[in-house]
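Asks: Below is the structure I would like to discuss, written out as structure tokens.
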Amino acid sequence: MKKYTIVGGGIIGASVAYHLQKYGADITVYDRDDAGKASRASAGIIAPWISQRRNKKWYRLAKTGAAYYPSFIEALERDTQLDTGYQQKGVLSLFRDNNVLQKGYKRISSKMEDAPEMQHVEIIERDKIRTYHPTFVEHFPAVYTHGGAQVNGAKLNSAIKESIIKNGGTWKNEDFQDDRVEGEIIYTTGAWGIEQGFKPTVSHQRAEVYHFEVESDFTTLHNPVVMALGPIYIVEMSPNQFAIGTTHEDTTSFSTMPSHENYKYLKSLAEEYFSGFKIRDIGMNVGLRPHTRDFLPFIGRVAENKFVINGMGSTGLTAGPIVGAEVARLLNNVETELDLSDYSYIN
Ligand SMILES: Cc1cc2nc3c(=O)[nH]c(=O)nc-3n(C[C@H](O)[C@H](O)[C@H](O)COP(=O)(O)OP(=O)(O)OC[C@H]3O[C@@H](n4cnc5c(N)ncnc54)[C@H](O)[C@@H]3O)c2cc1C
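Written out as structure tokens, the structure reads:
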């Protein structure tokens with residue numbers, strides 16, 4: 007029986023452990039569960055097709071990841087009977103005016119050709135926005151991508167952990183330092199990858215998200231994800247509760263203290279997007295988003311019996327399950343769907 011030690015139990019470590027177990031491997035996961043763990047702070051948006059990013063290697067990975075989600079979630083929820091919060095409730099991409107709306111529609115709908123999982127793409131005039139999102143401001147027209155989804159990172163992580171334990175794996179909420187263990191070690195340590203010092207170097211961005219409740223005399227449910235103007239998104243967390251984010255701050259600090267300035271900035275945006283409704287604070291969340299210099303994930307062996315998966319950036323939750331499935335195939339000499347050598351580089 008092949009033996010693997012996985013260091014880091016975020017979406018990447020959990021997912022690779024889960025998929026390796028399907029090949030009969032003996033799995034031990036170590037997870038320190040640091041404050042700032044990205045998988046817990048994540049907004050959980052799964053909609054890579056609406057991004058304006060042009061990097062083809064990134065897109066292939068994220069797109070394949072989004073397509074894999076429904077079958078992955080179905081198997082996981084069946085196995086554990088736990089809810090992951092996964093819902094294909096669509097994504098509204100807002101545009102400032104009709105001119106940019108038409109360009110956005112063309113760009114997004116052109117992706118449908120090789121991504122049928124997008125389901126359907128349509129323009130929503132601003133006076134129809136409230137049909138989809140009842141408390142949202144009616145200032146902007148949008149493109150609605152029906153196949154866009156949202157998952158709860160913390161619940162997903164817990165469900166995968168539960169499945170690993172249920173199927174005979176070991177999960178230790180401990181620091182892993184002594185690498186003299188039997189078998190292969192897979193490092194999935196996110197922002198803390200700097201501690202191992204492998205190349206490529208992993209840096210991180212601090213991302214703050216404001217959670218709030220919208221006070222209304224009716225309950226709103228299953229609101230789509232909103233990709234608002236600029237790099238801002240709004241996601242529903244539970245009935246009438248939302249999160250707006252995110253800030254992007256390059257830093258070497260591991261502090262997860264929210265800043266008052268970012269609180270004020272995000273709250274003012276929430277008030278604009280839900281104008282006419284009273285906003286009540288729930289709190290701020292801070293996550294540390296790991297990335298490499300090229301903002302492309304690294305997936306590869308760095309020394310004998312030492313494998314690294316890191317630098318998942320802002321779409322690690324989208325790509326996490328497929329990365330786990332593909333790495334498990336690679337390590338079992340089974341043909342992979344993606345060319346993983348695209349992500350095995352040193353910079
Ligand atoms: C605010 C925010 C919003 C985001 N929104 C989205 C989104 O909408 N869609 C999307 O696809 N992605 C999103 N992301 C990105 C995504 O969350 C990350 O890319 C992904 O979660 C990274 O997962 P990971 O497993 O590599 O790292 P993490 O989730 O950070 O996990 C790393 C784990 O390793 C542990 N660890 C480190 N060192 C050790 C050690 N020596 N021993 C034991 N344990 C150790 C840490 O404690 C931690 O628990 C977002 C990220 C943030 C921060």
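Start counting the sequence shown at 7; every next residue gets the next number (this note's numbering). Every residue, glycine too, gets a C-beta built ideally from N, C-alpha and C.
Output needed for Lys9: all residues of its chain with C-beta closer than 6 angstroms, excluding positions within five of it in sequence on either side, in chain order.
Replies: Residue 9 sits at position 3 when you count from the first residue of the sequence shown. Scanning its chain for C-beta atoms nearer than 6 angstroms, with the 5 sequence neighbours on each side dropped, one finds around Lys9 the residues Asp32, Glu188 and Gly189, in chain order.
Asks: Is Tyr29 helix, strand or coil when you go by DSSP?
Replies: Locating residue 29 in the sequence shown gives position 23, counting from the first residue. Under the three-state reduction of DSSP output, Tyr29 falls in the coil class, being neither helix nor strand.
Asks: Given Ser21, which residues of its chain have a CB within under 6 angstroms of its CB, disregarding the five upstream and five downstream residues?
Replies: Locating residue 21 in the sequence shown gives position 15, where the first residue counts as 1. So the list reads Gly326, Pro327 and Gly330, once near-sequence residues are dropped.
Asks: Within 8 angstroms: the Cβ of Gly154 and any heavy atom of ligand 1?
Replies: If you number the sequence shown from 1, residue 154 lands on position 148. Result no, Cβ not under 8 angstroms from ligand 1.
Asks: Can you tell me which of the three DSSP states Tyr193 falls into?
Replies: For this step, residue 193 is matched to residue 187 along the sequence shown. DSSP places Tyr193 in strand when its eight states are reduced to three.
Asks: For Thr86, report the span of its alpha helix (DSSP H) as first-last.
Replies: Locating residue 86 in the sequence shown gives position 80, where the first residue counts as 1. Where Thr86 is concerned, the enclosing alpha helix (DSSP H) stretches over Lys62 to Thr86.
Asks: For Gly71, which residues from the same chain have a beta carbon less than 6 angstroms from its beta carbon, with the 5 sequence-adjacent residues on both sides left out?
Replies: For the purposes of this step, residue 71 is taken as residue 65 along the sequence shown, with counting starting at 1. Non-local beta-carbon contacts of Gly71 in its own chain, meaning distances under 6 angstroms to residues more than five positions away in sequence, involve Thr324, Ala325 and Ile328 in chain order.
Asks: Please report the distance separating the alpha-carbon of Gly251 from that of Ile288.
Replies: One-based indexing of the sequence shown puts residue 251 at position 245. One-based indexing of the sequence shown puts residue 288 at position 282. Each residue's Cα considered, the two are about 14 angstroms apart.
Asks: Decide yes or no for the touch test of the region 269-284 against the region 138-145: beta carbon pairs closer than 8 angstroms, at least 3 of them.
Replies: The region 269-284 is in contact with the region 138-145.
Asks: Using DSSP with H/G/I as helix, E/B as strand and the rest coil, what is Ser209?
Replies: To locate residue 209, count along the sequence shown from 1; it is residue 203. Strand at Ser209.
Asks: Pairs of beta-carbons, one from the region 216-225 and one from the region 257-276, closer than 8 angstroms: are there three or more?
Replies: yes
Asks: Alpha carbon to alpha carbon, how far is Trp198 from Ala44?
Replies: Here residue 198 refers to the residue found at position 192 of the sequence shown. Here residue 44 refers to the residue found at position 38 of the sequence shown. Between Trp198 and Ala44, the C-alpha separation is close to 11 angstroms.
Asks: Look up Lys312 in the DSSP assignment and give the residues it is bridged to.
Replies: The count along the sequence shown starts at 1 and reaches residue 312 at position 306. Ile191 and Ala309.
Asks: Hey, would you say Leu67 sits closer than 9 angstroms to Leu337, going by beta carbons?
Replies: Working through the sequence shown from its first residue, we reach residue 67 at position 61. Working through the sequence shown from its first residue, we reach residue 337 at position 331. 9 angstroms or more divides the Cβ of Leu67 from the Cβ of Leu337.
Asks: Phe224: which of Glu214, Pro245 and Pro206 sits nearest, CA to CA?
Replies: As a first step, residue 224 must be located in the sequence shown, where it is residue number 218. When only C-alpha atoms are compared, the closest one is Pro245.
Asks: Can you tell me whether Met263 is helix, strand or coil according to DSSP?
Replies: Counting from one through the sequence shown, the residue named residue 263 turns up at place 257. It is coil, neither helix nor strand.
Asks: Between the beta-carbon of Val97 and the beta-carbon of Ile51, is there less than 9 angstroms?
Replies: Sequence index remark: in the sequence shown, residue 97 carries index 91 (1-based). Sequence index remark: in the sequence shown, residue 51 carries index 45 (1-based). The answer is yes: Cβ separation under 9 angstroms.
Asks: If you follow the beta strand (DSSP E) that Pro296 is part of, which residue opens it and which one closes it?
Replies: By 1-based counting over the sequence shown, the position of residue 296 is 290. For Pro296, the enclosing beta strand (DSSP E) starts and ends at Lys284 to His297.
Asks: How about Arg46 and Ala213: do their beta carbons lie closer than 9 angstroms?
Replies: In the sequence shown, the residue the question calls residue 46 occupies position 40. In the sequence shown, the residue the question calls residue 213 occupies position 207. 9 angstroms or more divides the Cβ of Arg46 from the Cβ of Ala213.
Asks: Would you kindly report the start and end of the unbroken alpha helix (DSSP H) that includes Val329?
Replies: Taking the first residue of the sequence shown as position 1, residue 329 is located at position 323. Here the alpha helix (DSSP H) through Val329 covers Gly322 to Leu337.
Asks: What's the C-alpha gap between Val106 and Val127?
Replies: Locating residue 106 in the sequence shown gives position 100, counting from the first residue. Locating residue 127 in the sequence shown gives position 121, counting from the first residue. Computed Cα separation, rounded: 16 angstroms.
Asks: Looking at ligand 1, does it come within less than 8 angstroms of Val13, judged from the CB to the closest heavy atom?
Replies: Locating residue 13 in the sequence shown gives position 7, counting from the first residue. Answer for Val13: yes, Cβ within range of ligand 1.
Asks: Under the three-state reduction of DSSP, which class applies to Val106: helix, strand or coil?
Replies: Your numbering for residue 106 matches position 100 in the sequence shown. Correct three-state label for Val106: helix.
Asks: I think Val208 touches Pro122, with their Cβ atoms under 8 angstroms apart; what is that distance to the nearest whole Å?
Replies: Position 202 of the sequence shown, counted from the start, is the residue given in the question as residue 208. Position 116 of the sequence shown, counted from the start, is the residue given in the question as residue 122. So it is not a contact: roughly 34 angstroms between Cβ atoms.
Asks: Throw me the rounded Cβ distance for the Ser169 and Asp85 pair, which I believe falls under 8 angstroms.
Replies: Position 163 of the sequence shown holds residue 169. Position 79 of the sequence shown holds residue 85. With 8 angstroms as the limit, Ser169 and Asp85 qualify as a contact, their Cβ atoms being about 5 angstroms apart.
Asks: Figure out for me which residue from Ala53, Ser347, Asp120 and Tyr216 has the closest Cα to the Cα of Pro264.
Replies: Locating residue 264 in the sequence shown gives position 258, where the first residue counts as 1. Minimum Cα distance to Pro264 is reached at Tyr216.
Asks: Where does Ser115 sit, in a helix, a strand or coil, going by DSSP?
Replies: Taking the sequence shown and counting its residues from 1, the one referred to as residue 115 is at position 109. Correct three-state label for Ser115: helix.
Asks: My understanding is that Glu242 touches Gln211, with C-beta atoms under 8 angstroms, so please give their C-beta distance in whole angstroms.
Replies: Locating residue 242 in the sequence shown gives position 236, where the first residue counts as 1. Locating residue 211 in the sequence shown gives position 205, where the first residue counts as 1. About 24 angstroms; that fails the 8 angstroms criterion.
Asks: Report the option in Gln202, Glu343 and Pro230 whose CA atom is closest to the CA atom of Thr183.
Replies: As a working note, residue 183 is residue 177 in the sequence shown. The question names Thr, yet the displayed sequence has Gln at residue 183. Closest by C-alpha distance to Gln183, out of Gln202, Glu343 and Pro230, is Gln202.
Asks: Does DSSP put Tyr92 in a helix, a strand or coil?
Replies: Position 86 of the sequence shown, counting from 1, holds the residue named residue 92. The answer is coil: DSSP assigns Tyr92 none of H, G, I, E or B.
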